[in-house]
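What follows is a single structure, written as C-alpha cells, with notes after it.
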Amino acid sequence: MMNTNKIVHVLFLCIFVVLIIFTVNNNSINDNNILVAAKSSKRVNGDDNVEIIVNEEEDEDDGDSSNIEIIDEDTITSDETKVKKTIKKSPKKKKMTKQNKQKKSENKAEASPPPPQHEQRQQHRQKHIKYNPYVLFAMMIVPLLLTFCRQKLFIWSRGILFMFISMEKRGMKKAPDTAKLVMGTKQNRRSKTIVFIRHGESDWNEIFNKSKVLLLPRLIRGLFREAMLFMSDHSVFIDSPLSKEGVQQAEALQKFITGYRNQGNALDSIVSELKTKQDSVLVSSNLRRAINTGCIAMWPRMKGTYEKITLLSSLQEMSRNVDTNALAGPNAFPEMSLIEDLLGKKFRPGMFLETSSSYGNKGLCSTAYPRMMQFCNWCMARDESTIIVSAGHSLWFKNFFKVFLPKKSNHHSKTKKMLNCAAVSFTLLEGKIDKKTHYKIDEESILEIWRGFKGQPMAAPPATRHLSKVSISGEHVDTRQLSGDGNIRVTSVDSANSSNGSMQGEYKTVKEGILEKKAQTHILRGWQDRYFKLEVDSLNNYVLRYYANESEAKKNGGKIAKKDKKLDKLKVIQKVDNTTEFNLVFEGERSNLHLKAKNMEDFREWTEILARRTKDINFMASPTK
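4 is the number of the first residue of the sequence shown in the working numbering; add one for each residue after it.
Structure below.
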C-alpha cells in the first residue's frame, strides 16, 4: 500500500499544476478595446463571419493609439489579401489627415501577406498574456511546502477529513447496564482506585470556549500564529497545547498537592498517593495539553524518583475537532518545548515519558467505547492499586461515567464536564455481565478532590471514623490516628450552626455561628455579637471572617474584606481560666481577636477546630487587651 504521505504529496502537486493552468488561461486575454467592440455589435454589415483585430498604430494628429479592424473572411481574395473595414474606437476624435492615410496605404502595400489565421490568433494571444504575480509566488512556495511540510499538511488534511466522518459515540448506547454486574468472590474480586485529572486550559479552549464577543479577534490571532508555525512541528490548533492560563491552573494543582495538610477525611489517603509514589502509577493521554498538565502537576513527585508518565492512546479525546488529533506518531512524544522551558534542564522527555503504550493517532473510523474498555483492561492488569490519570479530557471522562455508572444513576458526573485541572477519584469494579467481563463505577466512592465539575458545587469529602480519644485541658475530643505517620488530628465537628461543608464560591464553610467580640478601640470597649465563619479555599487556606449579623454574612458570603483573618499566621490561642473567653494571637500583627463563646459546648467546638491551624495553644495565659 502506498504511503499516505506520498498520496498527500501527489494530491497537492496535482492541485498546484491545475491552479497554474487555470490562472494562465484566465490571464490570456485580448485588449479591452476588443471586448468593448464585441459588446457594441454582434454583427457587422449583416455578416456573421467577422473577425475583430486590434491594429496598434500611433496617430500623430489625435494620439489615438489603437484602431479596431473588422475583417470579413468571405471577402478574402486569391492572393490572401483582406478587405478591411476600420472603425474608430472614439468617434468624437479628429479624423486622420490625407497625408497619414497615404502613408498607411503605402505601408500596407509594401507589407508581406499576413500569416494564416490560427497563427495570427496565437500571436495576439501571446502578446496580451499577463502573468499573475500570485501565480509566480505560488510556483515558488508550493514546492517548499510539499518538501518541508508534508507531515503538517497530512495531519491537517486528516483532521479536516475526520471532522466529517467521525462516529466516536457509536456503540455507547448499546453498552450494557452496569447495575447488572455480578461480582466474584472476595478472593477473586478485583478493583482499582482511579483518579481522573483534566488538563488545563488549551489554546483551543481559549479561542473557542470563552466569551463569544472576542471570538473573531482570538481566531484571527490564532490563525496568524498557526501560519507562523506551519513549517515547524508545533501547532496552535492541531493537538493544541496549554495556554498561559492553563499553565497557571496546572501550577495551582501542583501547589494544592504539595501544600495539602491532613484534614481527617477521605481526601487524606488520596492526596497522599498523589504526593508520593506509594502504590500508584501515572498515566496520561497522548495529547500535548494532557502531557504538559501531568508533568507540571506531578513534577515534585517525578523529579525525586525519576518516575515516568505512561502515555496511553486509549485516553485520547473523543471529539471530531482537529485539536483531538495527535502530532506524535507511534512510540513517540510530541513537541515539548513548553515544559522544557518551565521545568528547566532537569526535565528531558525521554527520561520522564513512557511511550511504549502510545500507538499514534486514533483511526479515522475509531470509536471511543472500545478505547474505554482497553483502558479498564489495562488498569486491572497493573499491579498497582491506584491508577492516576495525571491528565485526560473532559468529554472522554464524562462519557466514561455515562457508560460505567448504572443507567439509573443521576450523578452529575454523567452530565457535567470536569473543570480544567479538576481532580476526581472513584473505585472501578470488575465483574461479569452475561458471562462477559465488564466494569462498574461504585457511585458512593466518587470523591471530588480539586475544583470538581462545571456549574456544580464541590461536594464535601466524607469524614473518617473516630478511632481514639485524647484529652486537651481535661476535655475529651474525638480524634483519629493517621496511618503511617503517627500524627493525631482533630476531625471536623458538626453542630447546629455548621453549614455541613456547603460551598460558597471557591470557599467551603467549615464552621459558622455567633461569637462575642471585644472591641479594641479607645472609645468603645465592650462585648458585641458578631457572626463568624471559618472557611477553607481550594488551596487548603483557612480564613476566619466575621460580620455584623447573620443576614450580612449571607449577603456578602465568600467576599474577602478587611474583617478577614488568614489563619496561616495564627500563632497562639489563649484562654481565660473557667470562662468561655479565648484570644487569637496572629504572628506579625498588632490587632488580635478577643472572643467569647455563648456556652462551653460552642467554646470547645471553635477552639478544637482552630487548634489545628495554630503553632501553640496556651490555656493559662490571660488575653491581651
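For every residue, glycine included, the Cβ atom is placed at its ideal position computed from N, Cα and C.
Classification of residue i by the beta-carbon crowding that lies within 10 angstroms, buried from 16 upward
{"i": "N602", "result": "exposed"}
{"i": "R304", "result": "buried"}
{"i": "S235", "result": "exposed"}
{"i": "V274", "result": "buried"}
{"i": "A600", "result": "buried"}
{"i": "P464", "result": "buried"}
{"i": "N268", "result": "buried"}
{"i": "E209", "result": "buried"}
{"i": "T440", "result": "exposed"}
{"i": "I163", "result": "exposed"}
{"i": "M461", "result": "buried"}
{"i": "L219", "result": "exposed"}
{"i": "M170", "result": "exposed"}
{"i": "V216", "result": "exposed"}
{"i": "G2", "result": "Look at the range of the chain in this structure, 4 to 628, and you will see that residue 2 is not part of it."}
{"i": "M354", "result": "exposed"}
{"i": "F456", "result": "buried"}
{"i": "I168", "result": "exposed"}
{"i": "Q154", "result": "exposed"}
{"i": "D605", "result": "buried"}
{"i": "K511", "result": "buried"}
{"i": "T327", "result": "buried"}
{"i": "T78", "result": "With a pLDDT of 46 at T78, under the threshold of 50, the modelled position of that residue is not reliable, and no figure is offered here."}
{"i": "A394", "result": "buried"}
{"i": "N423", "result": "buried"}
{"i": "G66", "result": "For G66, the predicted structure reports a pLDDT of 45, less than 50, and the residue's modelled location is therefore unreliable. A value from the coordinates is still provided. Under this definition G66 is an exposed residue."}
{"i": "A384", "result": "exposed"}
Separation of residue j from residue i, as counted between CA atoms
{"i": "Y362", "j": "R615", "result": "49 Å"}
{"i": "Y372", "j": "E310", "result": "29 Å"}
{"i": "S388", "j": "C382", "result": "9 Å"}
{"i": "G414", "j": "F429", "result": "Going by the sequence as given, residue 414 is His instead of Gly. For H414 and F429, the distance between alpha carbons rounds to 13 Å."}
{"i": "A426", "j": "G249", "result": "15 Å"}
{"i": "D271", "j": "R264", "result": "8 Å"}
{"i": "L277", "j": "L256", "result": "11 Å"}
{"i": "S316", "j": "S360", "result": "7 Å"}
{"i": "F378", "j": "K557", "result": "45 Å"}
{"i": "V185", "j": "L408", "result": "14 Å"}
{"i": "F350", "j": "S448", "result": "35 Å"}
{"i": "T583", "j": "K280", "result": "45 Å"}
{"i": "F259", "j": "N212", "result": "26 Å"}
{"i": "N52", "j": "E122", "result": "In this predicted model, N52 has a pLDDT of only 47, less than 50, meaning its place in the structure is not dependable enough to derive any value."}
{"i": "E519", "j": "V284", "result": "51 Å"}
{"i": "N595", "j": "N544", "result": "19 Å"}
{"i": "S416", "j": "R454", "result": "13 Å"}
{"i": "F535", "j": "F336", "result": "52 Å"}
{"i": "I612", "j": "E515", "result": "11 Å"}
{"i": "F400", "j": "R201", "result": "8 Å"}
{"i": "A522", "j": "G458", "result": "41 Å"}
{"i": "F589", "j": "K569", "result": "9 Å"}
{"i": "I390", "j": "S322", "result": "24 Å"}
{"i": "Q266", "j": "N289", "result": "34 Å"}
{"i": "M376", "j": "G187", "result": "19 Å"}
{"i": "N552", "j": "L345", "result": "47 Å"}
{"i": "R548", "j": "E538", "result": "8 Å"}
{"i": "R468", "j": "A329", "result": "Interpretation of R468 is limited by its pLDDT of 41, a score under 50 that renders its predicted location unreliable; the figure taken from the coordinates is listed afterwards. In a straight line, the C-alpha of R468 is about 46 Å away from that of A329."}
{"i": "K572", "j": "G262", "result": "15 Å"}
{"i": "S160", "j": "I444", "result": "38 Å"}
{"i": "E446", "j": "D540", "result": "25 Å"}
{"i": "R192", "j": "V406", "result": "21 Å"}
{"i": "K87", "j": "F227", "result": "In this predicted model, K87 has a pLDDT of only 44, less than 50, meaning its place in the structure is not dependable; the value taken from the coordinates is given anyway. Each residue's alpha carbon lies about 58 Å from the other."}
Cβ separation of residue i and residue j, assumed to be a contact under 8 Å, to the nearest whole Å
{"i": "D242", "j": "G225", "result": "That pair is no contact at about 14 Å."}
{"i": "T629", "j": "G174", "result": "It is not possible to answer for residue 629, since the shown part of the chain is limited to 4 through 628."}
{"i": "S287", "j": "V392", "result": "7 Å"}
{"i": "N295", "j": "I223", "result": "Contact doesn't hold; Cβ gap of about 25 Å is too wide."}
{"i": "L398", "j": "E320", "result": "6 Å"}
{"i": "Y442", "j": "E433", "result": "6 Å"}
{"i": "A182", "j": "K411", "result": "7 Å"}
{"i": "A253", "j": "I312", "result": "About 13 Å separates the two Cβ atoms, so there is no contact after all."}
Inset, instruction - Pick out the complete beta strand (DSSP E) segments inside the segment 310-366, 3 residues or longer, and give them in chain order. - result: 312-315
Legend entry - Continuous beta strand (DSSP E) assignments of at least 3 residues falling wholly in the segment 220-297: 283-288
Legend entry - Whole runs of the alpha helix (DSSP H) within the segment 529-581, excluding any shorter than 4 residues: 553-558
Inset, instruction - Starting from the N-terminal side, write out each stretch of the beta strand (DSSP E) that is 3 residues or longer and does not extend beyond the segment 384-435. - result: 389-395
Legend entry - Start-end ranges of the alpha helix (DSSP H) lying completely within the segment 161-201, minimum 4 residues: none
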